[in-house]
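Undergrad: Each step along the sequence shown adds one to the number in my numbering, with nothing skipped, and position 17 is 21.
The C-beta atom is built at its ideal place from N, Cα and C for all residues, glycine as well.
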Amino acid sequence: MRRRIMPTVLTLLALMLDTSVIPFLIGGPYVVSLTFISVLVTGIHLDRMHGMLYGLIGGLLMDILVSYPLGFNTFIFVGLGFLAGLIAYEPLEVRVRKAPSKVYLRRGLTLLGMALVRELAIFGYQYFNTALIEGIYFVNILIRTLLTAGLGLLLGPLEARIVLGKGVRYQRTSAKREVKSF
5 MRRRIMPTVL TLLALMLDTS VIPFLIGGPY VVSLTFISVL VTGIHLDRMH GMLYGLIGGL
65 LMDILVSYPL GFNTFIFVGL GFLAGLIAYE PLEVRVRKAP SKVYLRRGLT LLGMALVREL
125 AIFGYQYFNT ALIEGIYFVN ILIRTLLTAG LGLLLGPLEA RIVLGKGVRY QRTSAKREVK
185 SF
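(1) Please report how far the alpha carbon of Leu120 lies from the alpha carbon of Leu146, in whole angstroms.
(2) Roughly how many angstroms lie between the CA atoms of Ala103 and Leu38, to the nearest whole one?
(3) Between Val45, Asp51, Met10, which has its C-alpha nearest Leu96's C-alpha?
(4) Which of the three DSSP states, helix, strand or coil, is assigned to Lys106?
(5) Would you mind working out which of Pro33, Tyr34, Leu29, Ile48 sits nearest Gly160, comparing C-alpha positions?
(6) Taking a contact to mean a Cβ-Cβ separation below 8 Å, would you say Gly112 touches Leu84 in this structure?
(7) With DSSP collapsed to three states, give me the class of Tyr131.
(8) So what does DSSP say about Gly139, is it helix, strand or coil?
(9) So, at 6 Å on beta carbons, what are the nonlocal neighbours of Leu21 in its own chain, with the 5 sequence-adjacent residues on each side left out?
(10) Counting Cβ pairs closer than 8 Å, one from the stretch 23-34 and one from the stretch 73-81, do we hit at least three?
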């Protein structure tokens, strides 16, 4: 029940914060999308199909509410939610046997890559509308990418705790385990 309701609630909460609260509190070029981060983290923690589903929900509502061209954010969120789930999702049995540093490194690099792809897609759209290239655009892309990846790494464990419940500790296993029974 928790896995079905909580990702939807978190995606809609992030969408409400993105569209109503954050624009009034923070202005400027360094605002990151919490909805996008929520979609990526959902894809990383649940799987690629959940990343696509919540990418569709979040992206379509973002397009409608913020008046982007219809389908722009939807396509980006669906594609990158799927890729995040494909690259960084690991089942519990696999994740428990790995060191936490390897799991977080893989998630961090996935978040960084997906944020960079999104920023480059937005830059491409902006370029074809304005035909302008300035150096400050690339600085803004770099800063927003790092902020998105950092915020995703900070909010990821919190969202995982809300959606999945209490986590399982790392258990070191070796190849020479004793078999007590069959």
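TA: Reading off the structure:
(1) Within the sequence shown, residue 120 is the residue found at index 116, counting from 1. Within the sequence shown, residue 146 is the residue found at index 142, counting from 1. Straight-line Cα distance between these residues: approximately 8 Å.
(2) Position 99 of the sequence shown, counting from 1, holds the residue named residue 103. Position 34 of the sequence shown, counting from 1, holds the residue named residue 38. Rounded to whole angstroms, Ala103 to Leu38 spans 28 Å at the Cα level.
(3) Within the sequence shown, residue 96 is the residue found at index 92, counting from 1. The shortest Cα separation from Leu96 among Val45, Asp51, Met10 belongs to Asp51.
(4) Position 102 of the sequence shown, counted from the start, is the residue given in the question as residue 106. In the structure shown, Lys106 falls within a helical segment according to DSSP collapsed to helix, strand and coil.
(5) For the purposes of this step, residue 160 is taken as residue 156 along the sequence shown, with counting starting at 1. Taking each of Pro33, Tyr34, Leu29, Ile48 in turn and checking the Cα distance to Gly160, the smallest one comes out for Ile48.
(6) Position 108 of the sequence shown holds residue 112. Position 80 of the sequence shown holds residue 84. Contact: no.
(7) Locating residue 131 in the sequence shown gives position 127, counting from the first residue. In the structure shown, Tyr131 sits in a helix (DSSP, three-state: H, G or I).
(8) On the sequence shown, residue 139 is found 135 positions in, with the first residue counted as 1. Helix.
(9) Position 17 of the sequence shown holds residue 21. Listed in chain order, the non-local C-beta contacts of Leu21 below 6 Å within the same chain comprise Leu38, local neighbours out to five positions each way being set aside.
(10) Cβ pair count under 8 Å is below three, so no.
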